[in-house]
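Trainee:
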Amino acid sequence: MVNTDNIRHTAWNECADLGDFGMSEAKQIIACPVCDTLYAIDDEIAAVPTNCRRCGHRLTYGERAAIAGVVGMAFASATLMLVALFVPFLELSNGGRTISTSLVHVVAGFSRGIMVPLGFAVLGFIILLPLLRFLLLIFSLGPVAFHKSALPGAAIALRIAIALKPWAMAEVFMVGVAVALVKLSDLAFTDVGVGFWILAVAVLITAYQETFMCRHTLWTELNRAQQ
Amino acid sequence: MITARSAGLVGCRSCGLVAPADQLTCARCGAPLQSRDDTSLQRVWAWWTVGLLAYIPANIYPMLLTTQVFRTKESTILEGVLDLMQHGDHLVAIIIFLASVFIPVAKFVTIAFLAATLARPHKRETHQLLRLYDIVEFIGRWSMIDVFVVAILSTLVQFGSLASINPGFAAVSFALSVIFTMLAAQSFDSRMIWDQLQDGPAR
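Here is the structure:
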């Protein structure tokens, strides 16, 4: 058992002396986004997991391969999600009639009367925003992963991708599907289709991807690729 | 503990990079820089209020219109939970109760508590305040479960007058309420937790 507490305390490097601000190439001065405490972080520290000493915010994940992982998983999730849109998502039979619904149909069902804005919101939360997020990540970090220089607008794209995170709700939707199936159980025979499982895999990959999303690493690498 | 502000600097809340205090946009990620968000609490209370206003019709009007054999039954959020309970689906009833009743109410109370606490110097444990803030930010989106359930049910169950399910007005106002309270939680400037800490026990 590694004493992680120990690692954290030797790894953080509180910026006591600010005399070298802006001078040093190897050291980067960053402020904790949550509580504003200053730290000087060099490559050695960025290679191990560190937390802010005051508020505990994760400052670095210590993942060197973060970029390739993030881009690869964003690509996988986006592809799976696009496939999941058009294959049968749920199946419902009632008295001999069987209805097979794709994810597109589930969302389109809201497109009546006053429910149109709600339909757009659901469409955005479960499909458009997650997809947009993946595409922005691929656009901003894809070239960096292949050691090419970053495309113009990459910084804005990455910033939007990070800000969109709370609004991408595919995993909340999956719980909603499970609840809906239970509610339907006495009305009709229901079954999940292949689209459900594809979306479930995409959600799991995205959750795993989040553990690689070290902002410090992503921004440092992107910055390097922009120069 | 030296903060960026006390060192005459400003930290970027998007990427963390530090810049001189008078710089307006971050050189690395392009985000607008602001040492402290002065209008933060105003925006929190504004979103909180519209969120609460939207939450009232969400509980009064029906969430779900269920038509079975020519009879339409309207059920509000709470009636939906009670129906599930009577039906014996206790686990699902608890999930919906937590997502649609407990979490929204707890969020309104917690956001109001945080906004009131951070408006003036406080002597509370900073870690506990931060934990509250983290929980509120993390949990808000899960309230959307019931809206998604209504969306799925109303698309799947369309067997004409024999059996059909349609979304009620509450589905719209509840979704809006969740969105507004998420914006309220995001409007907080977490750095206020430490700024407003009165000299007291260390840290």
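Residue numbers (the numbering used here), protein chains in the order written: chain F, 115 to 341; chain W, -19 to 183. Yeah, the Cβ is synthetic: ideal placement off N, Cα and C, and Gly gets one too.
In three-state terms, what does DSSP make of G183(F)?
Mentor: Per DSSP, reduced to three states, the secondary structure at G183(F) is helical.
Trainee: Helix, strand or coil for T29(W), going by three-state DSSP, please let me know.
Mentor: helix
Trainee: Is the Cβ of T325(F) closer than 8 Å to any Cβ of chain W?
Mentor: It does not; no Cβ of chain W falls within 8 Å.
Trainee: Alpha carbons only, please: which of L318(F), L272(F), I240(F), I319(F) is nearest the one belonging to A282(F)?
Mentor: Relative to the Cα of A282(F), the nearest Cα in the group L318(F), L272(F), I240(F), I319(F) belongs to I240(F).
Trainee: Rounded to the nearest angstrom, what separates V291(F) and L136(W) at their Cα positions?
Mentor: 11 Å
Trainee: So, does the region 187 to 194 of chain F touch the region 305 to 322 of chain F, judging by three or more C-beta pairs under 8 Å?
Mentor: With the cut-off at 8 Å, the region 187 to 194 of chain F and the region 305 to 322 of chain F touch.
Trainee: Considering only the alpha carbon of each residue, which of H70(W), V129(W), H107(W), P0(W) lies closest to G148(W)?
Mentor: It is V129(W) whose Cα lies nearest to the Cα of G148(W).
Trainee: Helix, strand or coil for P231(F) per DSSP?
Mentor: helix
Trainee: Among G267(F), A269(F), A222(F), which residue has its Cα nearest to the Cα of L133(W)?
Mentor: A222(F)
Trainee: Could you pull the start and end residues of the alpha helix (DSSP H) that Y175(F) belongs to?
Mentor: Premise fails: Y175(F) is in no alpha helix (DSSP H) and is neither H nor E.
Trainee: Starting from V152(W), find everything on chain F with Cβ-Cβ shorter than 9 Å and list it in chain order.
Mentor: I228, M229, P231, L232, A235
Trainee: Determine contact between the region 166 to 180 of chain W and the region 48 to 59 of chain W, defined as no fewer than three beta-carbon pairs at a distance below 8 Å.
Mentor: When Cβ pairs closer than 8 Å are counted between the two stretches, the region 166 to 180 of chain W is seen not to touch the region 48 to 59 of chain W, the count staying below three.
Trainee: Verify the CB distance criterion: does P37(W) have a CB-CB separation below 8 Å to chain F?
Mentor: Not one chain F Cβ lies under 8 Å of P37(W).
Trainee: Output, in chain order, the set of chain F residues within a Cβ distance shorter than 7 Å of D69(W).
Mentor: V296
Trainee: Which runs of the beta strand (DSSP E) spanning at least 3 residues fall entirely within the region 265 to 315 of chain F, listed in chain order?
Mentor: The qualifying runs are 303 to 306.
Trainee: Would you say A164(W) faces chain F, with C-beta separation under 8 Å as the test?
Mentor: no
Trainee: Going by beta carbon distance, what residues of the same chain come within less than 6 Å of L64(W), once the five residues before and after it are set aside?
Mentor: V72, A73
Trainee: By Cβ distance below 7 Å, which residues in the same chain neighbour S216(F) in space, the five residues on each side in sequence not counted?
Mentor: Cβ within range, chain order: L199, F200, V201, P202, F203, G309.
Trainee: What residues from chain W crowd round R273(F), counting only those whose CB sits closer than 8 Å?
Mentor: S(-6), C(-5), C9, G10, A11
Trainee: Any beta-carbon of chain F closer than 8 Å to the one on T135(W)?
Mentor: Taking Cβ atoms only, chain F reaches closer than 8 Å to T135(W), which makes this a yes.
Trainee: Sorted by chain position, which residues of the same chain lie with C-beta nearer than 6 Å to A11(W)'s C-beta, five sequence neighbours on each side aside?
Mentor: Cβ-Cβ distances below 6 Å link A11(W) to C(-8), S(-6) in the same chain, with the five nearest sequence neighbours on each side left out; the list follows chain order.
Trainee: Are any of the Cβ atoms in chain W nearer than 8 Å to that of P280(F)?
Mentor: Taking Cβ atoms only, chain W reaches closer than 8 Å to P280(F), which makes this a yes.
Trainee: Consider the Cβ of V129(W): report whether some Cβ of chain F lies at a distance smaller than 8 Å.
Mentor: yes
Trainee: Strictly below 7 Å CB to CB, what residues from chain F border P84(W)?
Mentor: Going along chain F, no residue has its Cβ under 7 Å from P84(W), so there is no contact; the nearest lies around 14 Å.
Trainee: Since P101(W) meets chain F, which of its residues come closer than 8 Å, beta carbon to beta carbon?
Mentor: Those within 8 Å of P101(W) in chain F number zero; the least Cβ separation is about 16 Å.
Trainee: Is it buried or exposed, E285(F), if we count other Cβ atoms within 10 angstroms and call 16 or more buried?
Mentor: buried
Trainee: Under 8 Å, CB to CB, which of the residues in the region 144 to 158 of chain F have a partner in chain W?
Mentor: When C-beta distances to chain W are compared with 8 Å, the residues of the region 144 to 158 of chain F below that value are I144, A145, C146, P147, V148, C149, D150, T151, L152, in chain order.
Trainee: Just the C-alpha distance for L295(F) and A161(F), rounded to the nearest angstrom, thanks.
Mentor: 45 Å
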